[in-house]
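All residue numbers for the sequence shown refer to full-length UniProt numbering, where the first residue is 431 and numbers rise by one.
First comes the structure, then the notes that go with it.
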Amino acid sequence: AAAAATAAPDKAAAPASAGFMEEGIPAAGESEPFIKLGGLSDHVEGILRCRRIVFIACGTSYHACLVARKTLEEFAAMPVVVELAGDFMDREAPVFRDDTCVFVSQSGETADTLRALEYAKAKGALCVGITNTVGSAISNATHCGVHLNAGFEIGVASTKAYTSQIVALTMMALLLGADSRAKMPKRIAAMRALARLPDDAREVLELDASMHKLAEQLKDAQSLIFFGRGYNFSTALEAALKVKEVALIHSEGINAGEMKHGPLALVDENLPIVVIATQDAMHRKMESVIQQLLARSAKLVILCNTGDDAMTQFEGRGCTLIRVPRTVDALQPIINIIPLQLLSYHLTTLRGFNVDQPRNLAKSVTVT
Ligand code: M6R
């Protein structure tokens, strides 16, 4: 069964936990770090030879794939396409036998993703599953893959699966990029950052009380906009999905590079906007976005790194700053989404809604 080809749980990418280091990433100061994903090891050569990687997923899992696209481009220089499973099937998009199709799904049961898997498999592509549910339809039907081991996710809103998906997909990108000598220093830095991730996550969770306070200020907003770009375009999309899904506030995640192509018209002193401006490669551009939004009297919340002095000036201009620890660019979306998940949680409870069971939604969408 394909399930047997999928990574055994004890060998697969683990969520950010102490056990993580035991699975192949020594702490700084120890011997050279390495990545091991048991469920992929027999297929690495095949994946490296493929024409392109096609990620296929829905909802939050799709957002994790958007992060993975950039990580694979950065560390493995591979051509990557990201597809919404439903749209992919509506188009009956071309799939080639030398494609690697990666199906990402928390439940492993999402009907659109499963249908796309059957379609890609029939076309002869190598099918990889990244799921959180051992024995699920997607994990059983794929040729190989990784189990997240994030633990059973109860609430309808996907949270720990999202961060774990990014961890697993980053590990996959680092594995596929292992032969690049030019990327080696960056790769080692990313592996060391993966090992530090649990501490960074613990630190960012301390923002809970601040997020509650911010939620009190935003709970009656009609709409909430998130701007991000690069790795954090996904953070903007995911934060907006969480806010609309559980807090039932209209919300949009917008690529800040598109700001002048329409969204800027919405900006005034009444529309709350969260700008994700951590110190990655997009930092300068995001600083300029903030300046342009402030010139239109925007009401801003800025998510930035601890110790980023360039952002301090904006406090004096009426902006609220959320400070998060700095990690490598590829992992920063994991840290950045946590306070925004907390914000969504507090908005939901303050507005009197059920955070685990949002109206009209099911945990697993098993019909197309
Ligand atoms: O189980 P899956 O990851 O395949 O589910 C995909 C989406 O239905 C899911 O991520 C949905 O968007 C979440 N409720 C978002 O929080």
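Built from N, CA and C at the ideal position, the CB exists for glycine as well.
What span of residues does the alpha helix (DSSP H) with residue i cover, start to end?
{"i": "Lys616", "result": "Met614 to Leu635"}
{"i": "Arg714", "result": "His713 to Leu724"}
{"i": "Glu745", "result": "Asp739 to Glu745"}
{"i": "His493", "result": "Gly489 to Ala506"}
{"i": "Arg756", "result": "Neither: Arg756 is in no alpha helix (DSSP H) and is coded neither H nor E."}
{"i": "Gly476", "result": "Val474 to Arg479"}
Taking 7 Å as the line, does the beta carbon of residue i fall inside it for any heavy atom of the ligand M6R?
{"i": "Gln536", "result": "yes"}
{"i": "Val754", "result": "no"}
{"i": "Cys531", "result": "no"}
{"i": "Cys488", "result": "yes"}
{"i": "Leu772", "result": "no"}
{"i": "Glu675", "result": "yes"}
{"i": "Ala587", "result": "yes"}
{"i": "Ser794", "result": "yes"}
{"i": "Leu791", "result": "yes"}
{"i": "Thr540", "result": "yes"}
{"i": "Leu467", "result": "no"}
{"i": "Thr778", "result": "no"}
{"i": "Leu578", "result": "no"}
{"i": "Leu637", "result": "no"}
Express the C-alpha separation of residue j and residue i in angstroms, rounding to a whole number.
{"i": "Thr572", "j": "His473", "result": "12 Å"}
{"i": "Val534", "j": "Tyr492", "result": "7 Å"}
{"i": "Asp517", "j": "Leu777", "result": "31 Å"}
{"i": "Glu452", "j": "Ala580", "result": "The predicted model places Glu452 with a pLDDT of 35, which falls under 50 and marks its position as unreliable; any figure quoted below should be read in that light. Rounded to the nearest angstrom, the two C-alpha atoms are 16 Å apart."}
{"i": "Ala695", "j": "Gly687", "result": "14 Å"}
{"i": "Val558", "j": "Thr501", "result": "17 Å"}
{"i": "Met689", "j": "Gly565", "result": "43 Å"}
{"i": "Glu745", "j": "Leu751", "result": "7 Å"}
{"i": "Lys715", "j": "Gln709", "result": "11 Å"}
{"i": "Thr779", "j": "Gln771", "result": "13 Å"}
{"i": "Leu791", "j": "Ser610", "result": "44 Å"}
{"i": "Lys613", "j": "Ile732", "result": "31 Å"}
{"i": "Ser640", "j": "Val525", "result": "47 Å"}
{"i": "Met712", "j": "Tyr661", "result": "9 Å"}
Just checking my contact of residue i with residue j at CB under 8 Å: how many whole Å lie between their CB atoms?
{"i": "His680", "j": "Ser653", "result": "4 Å"}
{"i": "Arg545", "j": "Met508", "result": "Not really, about 25 Å apart at Cβ, beyond 8 Å."}
{"i": "Ser569", "j": "Gly538", "result": "5 Å"}
{"i": "Pro769", "j": "Leu605", "result": "No, Pro769 and Leu605 are not in contact; Cβ-Cβ is about 29 Å, not under 8 Å."}
Measuring CB to CB, does residue i end up less than 8 Å from residue j?
{"i": "Ala677", "j": "Phe783", "result": "yes"}
{"i": "Leu671", "j": "Val697", "result": "no"}
{"i": "Val705", "j": "Ile720", "result": "yes"}
{"i": "Val484", "j": "Glu503", "result": "no"}
In the DSSP assignment, find the unbroken beta strand (DSSP E) run with residue i in it and report its ends.
{"i": "Val643", "result": "According to the sequence provided, residue 643 is Lys. The question's Val does not apply to it. Not the beta strand (DSSP E): Lys643 falls in the alpha helix (DSSP H), residues Asp638 to Leu648."}
{"i": "Ser681", "result": "His680 to Asn685"}
{"i": "Asn570", "result": "Premise fails: Asn570 lies in the alpha helix (DSSP H), Ala567 to Ala571, not in any beta strand (DSSP E)."}
{"i": "Val535", "result": "With the sequence shown as reference, residue 535 is identified as Ser, and Val is not the correct amino acid for it. Here the beta strand (DSSP E) through Ser535 covers Thr530 to Ser535."}
{"i": "Glu513", "result": "Val510 to Leu514"}
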